[in-house]
Amino acid sequence: MVYVKASEKPSIKVVCESMGLQSSLCIIMQFSFTLQLFFSLLWLVGVSFAAELNNMTHSQPAQRILKVNPAPGTNALADSIRMEQNGTLRALDMALLNSPQFTIGWNALFRQIRYNSTVPGNIRELSILRIAALQGAAYQWQQHESVGRSEGLTSAQLKLIRDPAFSPYGISASSSFNAKQIAALKFADASTKNSHVYDEVWNGLAKQFPNAQQITELVLTVSAYNLVSRFLLAVSVDGVAEMQVPYPV
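0 is the number of the first residue of the sequence shown in numbering that gives the first Met the number 0; add one for each residue after it.
Okay, structure coming up:
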């Protein structure tokens, strides 16, 4: 009889000897154990590989339309866009350039929203970023987080609106945003989530933005950036349609 100390983990050979089993049977047991261990490791490797493959093939689809990037000096429209953007074309520009006439109209609209609107910059960017969070449009958030900060939005505010579950009706909203910002958030949420904007939301917005031109431009801004987010996600601009919206720090 073979004795094993309580503190030691017995091997299969020791167990066999302690049970008086024949050496041939012991060899079979050892082989069976080794085979089980081998297939367990093989299964773990397979699961890991499958998860990685799924992440590569499904998580980050490539942009679904061409990236049009004409060489400088060969395309007047592309050159005019570069002149407004420190000599560069963004991924969104290169997607839009598949349709030159639509690119012209698109840029004219968003130039008005960005530079010729009566909507305060912090309200504009708050609305744009909230839409990005609700729609899961990482590219839109990436492009506008720094703009939002430059317009006065704080990290604490950005963290709140980044969470799709955040409610502009809650206590955290009333303690973190002013009345105009809350009204704009309620409108952005209603318009983005449901399309239909009910009287309660509209009346609250109109109270904070009584000027007809300003409220019209705010509504157009929210509508336009829902268009942006849907285009970004549909064609996977820059291949980031499935990327998680960044967390502000």
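Note that the Cβ used here is the ideal one computed from N, Cα and C, for glycine as well. Here the structure is a predicted model, which is why all the values come from computation and not from measurement.
In angstroms with no decimal places, state the Cα-to-Cα distance between N121 and Q100. Whole-angstrom Cα-Cα distance: 31 angstroms.
For Q139, is the classification buried or exposed, using 16 other Cβ atoms within 10 angstroms of its Cβ as the cut-off for buried? buried
State the DSSP-derived secondary structure class of P247, mapped to helix, strand or coil. The answer is coil: DSSP assigns P247 none of H, G, I, E or B.
Any idea what DSSP makes of I64, helix, strand or coil? coil
Please state whether the Cβ-Cβ distance between L108 and V67 is less than 7 angstroms. no
Using C-beta distances below 6 angstroms, list every residue in its chain close to A189, excluding the 5 sequence neighbours before and after it, in chain order. Cβ within range, chain order: V196 and V200.
With respect to the alpha helix (DSSP H) encompassing N210, which residues constitute its N-terminal and C-terminal limits? From DSSP, N210 is part of no alpha helix (DSSP H); its letter is neither H nor E.
Give a yes or no on whether the C-beta atoms belonging to P245 and S154 are separated by under 7 angstroms. no
Whole-angstrom distance between T73 and G147, CA atom to CA atom: 34 angstroms
Check for me: the alpha helix (DSSP H) holding A172 runs from which residue to which? I170 to S175
For P167, does the count of other Cβ atoms within 10 angstroms reach 16, so buried, or fall short, so exposed? So P167 counts as buried.
According to the Cβ coordinates, are L133 and P163 closer than 7 angstroms? P163 sits close to L133, with the two beta carbons spaced by under 7 angstroms.
I need the DSSP call for L128, collapsed to helix, strand or coil. helix
Taking a contact to mean a Cβ-Cβ separation below 7 angstroms, would you say Q156 touches S175 in this structure? yes
Span of the alpha helix (DSSP H) around Q111: P99 to Y114
Would you check if the distance between the CB atom of S228 and the CB atom of A136 is smaller than 7 angstroms? Contact: yes.
From D78 to Q141, what distance separates their C-alpha atoms? One C-alpha to the other measures close to 24 angstroms.
Local conformation of A70 per DSSP, three classes: coil
7 angstroms Cβ cutoff met for E216 and S116: yes
CA-CA distance, E144 and L128? E144 and L128: Cα-Cα distance of roughly 7 angstroms.
Would you tell me roughly how many angstroms separate the C-alpha atoms of L226 and I170, rounded to the nearest one? 30 angstroms
Give me the residue from E150, G151, K192 and V221 with the minimum Cα distance to A183. V221
Can you give me the C-alpha to C-alpha distance between A172 and K185, rounded to a whole angstrom? 10 angstroms
DSSP state of F186, grouped into three classes? helix
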